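To start, the structure itself, in structure tokens.
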Amino acid sequence: MILGSIILDAFKNLSANALRSALTMLGVIIGVASVIAMIAIVEGGQLWLVSSIERLGTNLLFVWQKSLTVEEQRLFKGRSTGLHYDDAIAIQAKFPHLHVVPRVFLEQQLKAGDRHFSGEVTGTSPEFSMARNFQAEQGRFLQQADIAEWKRVVTLGKEVAERLFGSESAIGKEVNIGDQRFMVIGVMQPKGIIYGSNYDEMIFIPVTTALRRFQGTDALRSMIVHVPDRDRMDQTMEQLHAFLIQRHDGVDDVQVRNQGDFLDAVDRTIWTFRIVLGGIAVVALVVGGIGIMNIMLVTV
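Under this note's numbering, think of the first position of the sequence shown as 730, with each following residue one higher.
Printed below as a string of structure tokens:
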């Protein structure tokens, strides 16, 4: 009976201050719901980012040119000219168990008949398909013979093929890249946008073709190295870094990063968001609690 009387009195007091009670409850409900929604968004974003990174391939090391300070450039002048295709060949020879993927990027316009497409052409090797878990849906990807002979062949992303050839098969068709004619040998499977890059708009030609027919030098922008054994990632990263410094006459002008470094950066960002959201949750609940206390004091 006492409990029932207390509950009845509580409802009477709430009814006497209906508007204040409703606004207080609404504030608490909105505050808690907002926190739950933001947490769900952050967790979903984390899963999406991690999934995107893993869809790009696993057990990967990234090698790219490191910018030197003015003092370092003066000190090391003439000793190293940076990352080159010969470095990729040397790494593959020194570490035959690894899969080395050299990369060079060219901004070019493609033309097939009266249709045009402007985009980034990637000069790379056959290992790219395996390292990035990216397969051809029609035709084939690049092969070693294409690299050795500087062939003018191209594999198109799904969207590029549709833009240039519509519903027709692109295999065996000719396309102009810049002022040079290439034959389409493959169309990649749909992959979509991953980590800011639209893989369906990618265009692949042999790395040697890109270097010698377009760029005119053997300088590389970056390399990807696939390590078959996940447990040897850190060891391999250190070995590669030391090997490249040795090849570059002692000049530390390259960076080698583990794919796990990107995942760690994602985790740190998500952790920061969680702290911020935790603070928002505390503020929301404190404000709601003050509102409830205000109603209780009014009814005394």
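Idealized CB from N, CA, C, for every residue including glycine.
All figures in this text were calculated on a predicted structure; none of them were measured in a lab.
Distance cut-off 7 Å: residue i Cβ against heavy atoms of the ligand MN
i: I765; result: Looking at this structure, you won't find the ligand MN or any other ligand, since it has none at all.
Beta-ladder partner(s) of residue i, from DSSP
i: G868; result: G915
i: N927; result: I922
i: G848; result: Q837
i: L737; result: According to DSSP, which records beta bridges pairwise, L737 is partnered with nothing at all.
i: S858; result: S858 pairs with nothing; no bridge assigned.
i: F933; result: T851 and T884
i: W793; result: S951 and Q984
i: N905; result: K840 and R910
i: P831; result: M952
i: H813; result: A948
Nearest to residue i (by Cα), restricted to the options the options
i: T1001; options: S744, L812 and V771; result: V771
i: Q964; options: N987, L949 and D978; result: N987
i: D816; options: F972, I1004, I1019 and D981; result: F972
i: E793; options: Y814, E878, V889 and K806; result: In the sequence as displayed, the identity of residue 793 is Trp instead of Glu. The shortest Cα separation from W793 among Y814, E878, V889 and K806 belongs to Y814.
i: I906; options: R942, A769, S796 and Q873; result: R942
i: E878; options: A899, G895, S854 and K887; result: S854
i: D947; options: F911, S744 and L812; result: L812
i: G886; options: A860, Q872, G733 and K920; result: K920
i: R1003; options: L732, V757, G773 and M952; result: G773
i: I765; options: V1015, I1019 and I1009; result: I1009
i: P825; options: V954, D982 and V1011; result: V954
i: D908; options: H970, E856 and Q837; result: Q837
i: N927; options: L732, S898, V850 and I999; result: V850
Spatial neighbours of residue i in its chain, beta-carbon cut-off 7 Å, leaving aside the 5 residues before and after
i: D875; result: V882 and P935
i: D978; result: R808 and S809
i: K902; result: A841, F894 and V913
i: K823; result: F972
Short Cβ contact (8 Å threshold) for residue i with residue j
i: Q867; j: G915; result: yes
i: L790; j: V980; result: no
i: E930; j: G848; result: yes
i: Q944; j: L835; result: yes
i: L893; j: R844; result: yes
i: V830; j: Q821; result: no
i: Q864; j: Q918; result: yes
i: Q984; j: K795; result: yes
i: N788; j: M952; result: no
i: R976; j: A819; result: yes
Contacts around residue i, its chain only, beta-carbon distance under 6 Å, and the 5 residues preceding and following it disregarded
i: F870; result: S858, T884 and G915
i: G852; result: V833, I934, V936 and A939
i: V761; result: none
i: R910; result: E903
i: S896; result: none
Nonlocal neighbours in the same chain, by C-beta distance under 8 Å from residue i, ignoring five residues either side
i: K880; result: A874, P935 and T938
i: V889; result: L839, F846, G848, D929, E930, M931 and I932
i: L827; result: I820, Q821, V954, H955, V956, P957 and T965
i: I900; result: Q867, G868, V913, I914, G915 and V916
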